[in-house]
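S.K.:
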Amino acid sequence: MAASVDLELKKAFTELQAKVIDTQQKVKLADIQIEQLNRTKKHAHLTDTEIMTLVDETNMYEGVGRIRRNPTWSGASRRLRTTSGRC
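Residue numbering for the sequence shown is 1 to 87, as defined by my numbering.
(1) Grouping DSSP H, G and I as helix and E and B as strand, with all else coil, what is residue 55?
(2) How long is the line joining the alpha carbons of residue 53 and residue 41, rounded to whole angstroms?
(3) Could you give the distance in angstroms between the alpha-carbon of residue 11 and the alpha-carbon of residue 29?
(4) Does residue 3 pass the burial test, meaning 16 or more other C-beta atoms within 10 Å, or should it be called exposed?
If you want it as structure tokens, here you go:
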């Protein structure tokens, strides 16, 4: 009887250890994602701040895949704020 209790305890402990490891991995992944989103938000904010300091006649280009396009000031600013707001 004691052997069966020991086996049950060992099995329960093993399952609990597996849950702990799984939870730790999920927390680590969530922390990495939070850090990445914070970096993206900061980058968008800094870019928006720099764009606002430029004069209206300054040419601006935005990379889209392999090409570059010439966006409007308001469009670029709106996209940066949207990116910053999503983070």
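Quick reminder that beta carbons are idealized off the backbone N, C-alpha and C, glycines included.
M.R.: Result, derived from the coordinates:
(1) Residue 55: coil per DSSP, three-state reduction.
(2) 19 Å
(3) 27 Å
(4) exposed
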